[in-house]
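To keep things clear, I will list the structure first and then write my remarks on it.
Residue numbers (this note's numbering): 38 to 377.
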């Protein structure tokens, strides 16, 4: 898990100053590590730290506190973590970890060279961001998280549990993301908020009976349909999730989870399918080159367009152009029946 490293390794930028745009910076690795690390910061201030490396040997690190809540998705690798006042806990592969690390506590972190490569994604959240932007309700969370959300003094807190498959898939998608830069911010926001939603669903479940399930209200359904209409109108130059949430009047985690639940697609998936549907029309009805079509539907690089097109339709743009002029024209289901 990330933090402010006294030895000079893996130093994370503060998320107290919110950037106006999506940013990405590399993270330094320990000399024993072979691979890479980076962090991305969303306009909301949410930090996402990535690690993917192999070790020649295990090593110890010590971190000072940062007063952040860290939600750690460990895909592979093994670590052992403790503070001066807590017993050592092991974070194994396929583990979800929750860490509160106050300023006055030192975290001791041993990175083991057993268990294969170290692969992880960590969401790093400050209290103000969770309260003011994501509207996380302190009363629905375990006492330790509730104290953090209400600005009370917190002790060092670490909990670990088996990683859910859907969280592992979302984290893996972020770690291996090679999405076209023009829509990468949208994809990263969607996956990060998906992970944030799953994380707080788990935390809420720790604080209340599992039988208490949240249902989508009629009002939220109307707002999610409005979001669908906005995405459909702006898919070539996509709006950020933050802007969509602001326009329709829901918080970002609710937008992402509710949208997938109602329409069966993430916001990113719908954006891609709308782009490809438009591309199919252009392939059938125009003499534009495939490069021109790629630019027209919002891609900076035609090769990325061709890869995405084949992933969604199952055939290349060239093959689709031939098929589009016959009765075998491919089709793309974008869930239009859900927004009538």
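All C-beta atoms, glycine included, are put in the ideal place defined by N, C-alpha and C. Model, not experiment: these values are computed from the prediction.
Scanning its chain for C-beta atoms nearer than 6 Å, with the 5 sequence neighbours on each side dropped, one finds around residue 129 the residues 115, in chain order. For residue 200, the closest C-alpha among the options 238, 96, 170 is that of 238. Selection 117, 309, 298 evaluated against residue 147 yields 117 as nearest (Cα-Cα). Within the same chain, and ignoring the five residues on either side of residue 253 in sequence, the residues whose Cβ sits closer than 7 Å to its Cβ are 295, 298, 299.
Here residue 296 is not bridged, per DSSP, to any residue. Residue pairing by DSSP places residue 107 opposite 136, 161 in a beta bridge. Non-local C-beta neighbours of residue 178 in its own chain, meaning closer than 7 Å and more than five positions away in sequence, comprise 186, 240, 241, 244, ordered along the chain. Shown here for residue 88: same chain residues with a beta carbon closer than 6 Å to its own, the five before and five after excluded, namely 74, 155, 157 in chain order.
In the DSSP assignment, residue 211 falls within the alpha helix (DSSP H) that extends over 202-212. Here the stretch 101-116 lies against the stretch 200-213, with 3 or more beta-carbon pairs under 8 Å apart. By the neighbour-count criterion, in which a residue is buried when 16 or more other Cβ atoms sit within 10 angstroms of its Cβ, residue 181 is buried. In this structure residue 213 is exposed. Its beta-carbon is surrounded by fewer than 16 other beta-carbon atoms within 10 angstroms. Secondary structure at residue 83: coil, using DSSP grouped into helix, strand and coil. When the Cα atoms are used, residue 175 and residue 228 turn out to be separated by approximately 23 Å. With respect to the 7 Å criterion, residue 268 and residue 307 are classified as neighbours on the basis of their beta carbons. Inter-residue distance for residue 349 and residue 316 is about 12 Å (C-alpha atoms, whole angstroms). Contact between residue 150 and residue 338 is absent: CB atoms are separated by about 38 Å, not below the 8 Å threshold.
Straight through space, the alpha carbons of residue 324 and residue 233 are spaced by roughly 44 Å. Here the alpha carbon of residue 62 sits roughly 25 Å from the alpha carbon of residue 340.
Taking C-beta atoms as the reference points, residue 195 and residue 106 fail to come closer than 7 Å. Comparing C-alpha distances from residue 259 to each of 286, 271, 198 shows the shortest one belongs to 286. Nearest Cα to residue 280 within the set 314, 96, 81: 81. According to the DSSP assignment, residue 123 belongs to no beta strand (DSSP E), since it is labelled neither H nor E. Within the same chain, no Cβ atom closer than 8 Å to the Cβ of residue 202 is found once the five residues on either side in sequence are excluded. With contacts defined by Cβ atoms closer than 7 Å, residue 139 and residue 230 do not form a contacting pair.
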